[in-house]
Amino acid sequence: MGEIRAKVSAVDPVWSRICAEALEAVRDEPLLGALIHAGLLHHPTMERALAYRFSLKLSSGEMSEQILREIADQAYGSDPELGIAARADLVAVFERDPACHRFLQPILFFKGYQALQAYRIAHHLWTTGRRDLSYFVQMRTSEVFGVDIHPAARIGKGVMIDHAHSIVIGETAVVGDNVSMLHSVTLGGTGKEEQDRHPKIGNGVLIGAGAKVLGNIHVGDNSRIAAGSVVLADVPRCKTVAGVPARIVGEAGCDQPSVRMDHRLKGCDCAPD
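Structure representation (structure tokens):
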């Protein structure tokens, strides 16, 4: 096991750092040794560790941990993009969340990260035709983490969901790369229409706490949606919108709002397109 981990770590700096942090954490807090060894150090790759965490958190009397572990291992084994996205999401959390000081924290402790990885497995199941199983994963993710993402939704890489209480993302929603959103965000529909009915969020968008983005509308790249806003119309790129209903109140303030994580409405001086 040690030889395998050393070989993998040499070509996987993210997993190498996680393992180093895990060893340090065990030294600092021996009472967490069993949890950290079982969750991280016993696994040769990050994908195997994520599969273990997925099965541990979502197992129930209806679906055993062993079966869920097999499902996750198969997903990670057949779709390398899942592992790539998991690393990008982890780095996003570390870089944008001031409460995250180590790479191991999202995997072990942050439900937003864990729920997003569970969605990614559900989406893999959806796209490979195992739709009833994907619905089961969606249900358990909602029950365990309070995050309800339809498995057909399309979510890019480098996404951070901070706090992650009451997140809802609908079936035809699309979320771009490097998006940040806070708790109680809804990407929903506006009625009972059955076709393409959910928002399309561009790259680099920052969505504040409690924001509701409703309908088949487009939110442009590198824009900001203020906390508590209700967005019912398209948002141009590099703009800030706020209010109920939301209206443009200024520029986005920088070229990467989702990384800056600045939710203040004043001082919006984005460079022109």
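Using this note's numbering, you'd call the opening residue of the sequence shown number 913 and step up by one each time. We put the CB at the ideal spot given by N, CA and C, even for glycine. Because the structure is a prediction, the values reported are computed rather than measured.
DSSP three-state label for residue i, please.
i: His1035; result: helix
i: Ser921; result: For Ser921, the predicted model reports a pLDDT of 46, less than 50, meaning its position is unreliable and no value from the coordinates is stated.
i: Ala1102; result: According to the sequence displayed, residue 1102 carries Thr and not Ala. Three-state DSSP puts Thr1102 in coil, outside helix and strand.
i: Gly945; result: helix
i: Ala1139; result: coil
i: Ser1190; result: An answer regarding residue 1190 cannot be provided, because it is not within the stretch 913 to 1185 covered by the chain.
i: Val1087; result: strand
i: Thr1040; result: coil
i: Ile983; result: helix
i: Met975; result: coil
Going by the CB atoms, is the gap between residue j and residue i shorter than 7 Å?
i: Val1143; j: Val1156; result: no
i: Ala1154; j: Val1161; result: yes
i: Asp1089; j: Gly1114; result: no
i: Ala987; j: Ile1061; result: no
i: Leu980; j: Ser972; result: no
i: Gly1068; j: Val1087; result: yes
i: Thr1152; j: Ala1164; result: yes
i: Lys1103; j: Leu1126; result: The residue asked about is misnamed: residue 1103 is Gly in this sequence, not Lys. In this structure, Leu1126 does not lie closer than 7 Å to Gly1103 by Cβ.
i: Ala876; j: Asp985; result: Residue coverage of the chain in this structure runs from 913 to 1185, which leaves residue 876 outside it and unanswerable.
i: Leu1028; j: Leu1037; result: no
i: His1035; j: Pro1010; result: no
Less than 8 Å between C-beta atoms, sequence neighbours within five positions excluded: which residues of the same chain meet that for residue i?
i: His1077; result: Gly1058, His1095, Ser1096
i: Lys1124; result: Val1097, Thr1098, Gly1100, Ser1141, Val1142, Val1143
Have a look at the options and flag the residue whose alpha-carbon is nearest the alpha-carbon of residue i.
i: Pro956; options: Leu935, Trp927, Glu933, Arg981; result: Trp927
i: Ser967; options: Trp1038, Leu935, Val1056; result: Val1056
i: Ala1158; options: Ile1129, Ala984, Asp1167; result: Ile1129
i: Glu936; options: Ala998, Asp1009, Phe1015; result: Phe1015
i: Ala1121; options: Arg1176, Cys1166, Asp924, Glu1083; result: Arg1176
Who are the near neighbours of residue i in its chain, counting only those whose CB is closer than 7 Å to its CB and skipping five residues on each side?
i: Val1005; result: Cys1012, Pro1018, Phe1022, Tyr1025, Met1072
i: Ala1030; result: Phe966, Leu970, Val1049, Thr1053
i: Leu1020; result: Gly951
i: Ala1145; result: Ile1129
i: Leu997; result: Sequence check: residue 997 is Ala here, not Leu. Closer than 7 Å at Cβ, skipping near neighbours: Arg1032, Lys1069.
Quick check: what's the CA-CA separation for residue i versus residue j?
i: Gly1070; j: His949; result: 27 Å
i: Tyr1047; j: Pro1111; result: 21 Å
i: Glu982; j: Arg1172; result: 38 Å
i: Asp1174; j: Glu1007; result: 14 Å
i: Glu883; j: Val1131; result: Here the chain comprises residues numbered 913 to 1185, so residue 883 is not present and cannot be evaluated.
i: Gly1203; j: Asp1074; result: No statement about residue 1203 is possible, as the shown extent of the chain runs from 913 to 1185 and does not include it.
i: Ile930; j: Leu1002; result: 11 Å
i: Gly995; j: Thr1039; result: 17 Å
i: Asp940; j: Glu1105; result: 54 Å
i: Pro925; j: Ser976; result: 32 Å
In its own chain, which residues sit with a C-beta less than 6 Å from the C-beta of residue i, not counting the 5 before and 5 after it?
i: Leu1118; result: Ser1092, Arg1136, Pro1169, Ser1170
i: Met958; result: Trp927
i: Ala961; result: Leu952, His955
i: Ala1065; result: Ile1081, Ala1085
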